[in-house]
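Take a look at the structure below.
There are 2 protein chains.
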Amino acid sequence: MSQPDTKERILDAAEMLFARDGFHFASLRAITTLAKVNLAAVNYHFGSKEALLEEVFKRRLIPLNEIRQAELERVRDLAESEGRAPRAEEVMAAFIVPTVRFCCQDPQAEHFSTLVGRAIAEPDDTVRNVFIHHIMPLFLLFFDLLQKALPDLDIDTVFWRLHFSMGATTHTMRLIGKPELLPEGLNRNIDIDKLLRDLLAFVTAGVVQ
Amino acid sequence: MSQPDTKERILDAAEMLFARDGFHFASLRAITTLAKVNLAAVNYHFGSKEALLEEVFKRRLIPLNEIRQAELERVRDLAESEGRAPRAEEVMAAFIVPTVRFCCQDPQAEHFSTLVGRAIAEPDDTVRNVFIHHIMPLFLLFFDLLQKALPDLDIDTVFWRLHFSMGATTHTMRLIGKPELLPEGLNRNIDIDKLLRDLLAFVTAGVVQ
DNA sequence: GTCTATACGATGATAGAC
DNA sequence: GTCTATCATCGTATAGAC
Chain G
75 MSQPDTKERI LDAAEMLFAR DGFHFASLRA ITTLAKVNLA AVNYHFGSKE
125 ALLEEVFKRR LIPLNEIRQA ELERVRDLAE SEGRAPRAEE VMAAFIVPTV
175 RFCCQDPQAE HFSTLVGRAI AEPDDTVRNV FIHHIMPLFL LFFDLLQKAL
225 PDLDIDTVFW RLHFSMGATT HTMRLIGKPE LLPEGLNRNI DIDKLLRDLL
275 AFVTAGVVQ
Chain S
75 MSQPDTKERI LDAAEMLFAR DGFHFASLRA ITTLAKVNLA AVNYHFGSKE
125 ALLEEVFKRR LIPLNEIRQA ELERVRDLAE SEGRAPRAEE VMAAFIVPTV
175 RFCCQDPQAE HFSTLVGRAI AEPDDTVRNV FIHHIMPLFL LFFDLLQKAL
225 PDLDIDTVFW RLHFSMGATT HTMRLIGKPE LLPEGLNRNI DIDKLLRDLL
275 AFVTAGVVQ
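Just so you know, the sequences run in chain order G and S. Start counting the first sequence at 75; every next residue gets the next number (our numbering). Start counting the second sequence at 75; every next residue gets the next number (our numbering).
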């Protein structure tokens, strides 16, 4: 490659402009100008604007998934070594803590969380399947551990309580970095550690009841 | 009006195509073709594509909000007449039950629930802001009642617990009507009444802890 | 007032030369 | 791999028919 960092420069520019202007209003002409590459480079390297968005998304999702997978496996192995079932609170924390922390470590996080929400709601199978393909193995491990933590509940009940918890978590990520959306009279200086404790206490109370 | 239902036909077509394809990929040409009206009719009757989206939302959101408002006021007035604070579970039910039921009662409204799910997750501020603008007054009443129900908690804690509950609810609505997305081994014949009970029990446990 | 036909500028995508 | 030139389609605007 004569320009070995062309793809990276496009990804950086796209991530910045998708975050600042939104997917629709960030034009390929603006992205390629900022990245100092030719307009056609996006379609050459990525195939389409949608595929570029997907790569921007995956660049963050894959490392995050590795962290969450490692945490879930750590909880599973610790419980096994102690000859007990994992505790529901441990399982929830193993997934939720890295998820929320990941979205606070840099200014792009806000957009990443909306991308996750969008992928979940996407009606187009091809786009949604890409997301499902990356999240499903992780979700199944999460689901399996939570079933072990709650052996007295039927599988459907465990699933829906997990689903409720995921909804609470993703909805929360959407608001981090957008404190201007908080109603008047609230503390707009969000304390992430306190928020994480509150969220974990909330979902744990709902999951174990 | 020589075509008294032109606006309604545009709204029906737009609701279906916005839900199926997303706001960005549903073109005005596709919408006006499906509605059997001229392309320019959208800009004549609504002003812009974005204004059309807002009307699509308002047509369903305003009646739904009236139901939810009435339920919240009923809970508030009943508590007042009995000289007590409203109970958290009553407050949560007043909002959540009409919300979930509204999206299951007729096939047209099913498109709306898809739209709401997408609007909240949409990367475009354009789409999300339309939704937030219409839900905010209701949210503030909801918030106020929940503060009265939980007088020992500070305002920020109440807000976040409410926010977690809204996340669980909207995430759940996203899955209703799409049981094919449920993992293998789960009951795909979703029982709305049971689901509502489970969701209410979950958020109530998290809110009151 | 409503509706139609048509045109405009900008966009995402692509073919082909280098 | 990168470029230029070009294309189809997009949202929008407007002139004029009924």
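Glycine included, every Cβ here is placed at the ideal spot set by N, Cα and C. Note that this is a predicted model, so its numbers are computed, not measured.
Inter-residue Cα distance where the pair is residue i and residue j
| i | j | result |
| --- | --- | --- |
| F97 of chain G | R161 of chain S | 43 angstroms |
| E258 of chain G | M210 of chain S | 12 angstroms |
| M75 of chain G | D95 of chain S | Since pLDDT at M75 of chain G reaches only 48, below the 50 mark, its modelled position is unreliable, and the value read off the structure follows with that caveat. Cα to Cα, M75 of chain G sits roughly 37 angstroms from D95 of chain S. |
| E254 of chain S | H185 of chain S | 16 angstroms |
| D218 of chain G | L138 of chain G | 20 angstroms |
| I136 of chain S | F205 of chain S | 11 angstroms |
| A88 of chain S | T106 of chain S | 8 angstroms |
| S239 of chain S | A104 of chain G | 39 angstroms |
| D272 of chain G | L215 of chain S | 22 angstroms |
| R235 of chain G | C177 of chain S | 20 angstroms |
| K252 of chain S | H208 of chain S | 26 angstroms |
| G157 of chain G | I264 of chain S | 36 angstroms |
| N203 of chain S | D79 of chain S | 28 angstroms |
| Q179 of chain S | D151 of chain S | 27 angstroms |
| D226 of chain G | A93 of chain G | 44 angstroms |
| Q182 of chain S | R175 of chain S | 13 angstroms |
| E163 of chain S | A100 of chain G | 44 angstroms |
| I194 of chain S | E128 of chain S | 14 angstroms |
| A153 of chain G | A153 of chain S | 47 angstroms |
Beta-carbon spacing of residue i, residue j below 7 angstroms
| i | j | result |
| --- | --- | --- |
| V149 of chain S | A125 of chain S | no |
| R248 of chain S | L256 of chain S | no |
| V130 of chain G | L85 of chain G | yes |
| A159 of chain G | K222 of chain G | yes |
| L212 of chain G | R133 of chain G | no |
| K123 of chain G | L102 of chain G | yes |
| V165 of chain S | L220 of chain S | yes |
Contact belief for residue i with residue j at Cβ below 8 angstroms, rounded distance in angstroms
| i | j | result |
| --- | --- | --- |
| I250 of chain S | S187 of chain S | 7 angstroms |
| T278 of chain G | V190 of chain G | Not confirmed; about 22 angstroms, so no contact. |
| G241 of chain G | G280 of chain S | Not quite, the Cβ-Cβ distance comes to about 12 angstroms (not below 8 angstroms), so this is no contact. |
| I170 of chain S | L274 of chain S | 6 angstroms |
| E147 of chain S | P172 of chain S | Not confirmed; about 13 angstroms, so no contact. |
| L113 of chain G | L91 of chain G | Between L91 of chain G and L113 of chain G the Cβ distance is about 14 angstroms, and since that is not below 8 angstroms, they are no contact. |
| H119 of chain G | T246 of chain S | Incorrect: roughly 39 angstroms between the Cβ atoms, too far for contact. |
Self-check item: Completely contained alpha helix (DSSP H) runs for the segment 204-230 of chain G, where each covers 4 or more residues
Solution: none
Quiz item: Just checking, does the segment 253-270 of chain G make contact with the segment 224-234 of chain S on the three C-beta pairs under 8 angstroms criterion?
Solution: Yes, since at least three Cβ pairs between the segment 253-270 of chain G and the segment 224-234 of chain S fall closer than 8 angstroms, the two stretches touch.
Practice problem: At 4 residues or longer, and completely inside the segment 102-133 of chain G: list those alpha helix (DSSP H) runs for me, N to C. | Solution: The DSSP assignment places 102-108, 114-119 as complete runs of the alpha helix (DSSP H) inside the segment 102-133 of chain G, in order along the chain (cut-off: 4 residues).
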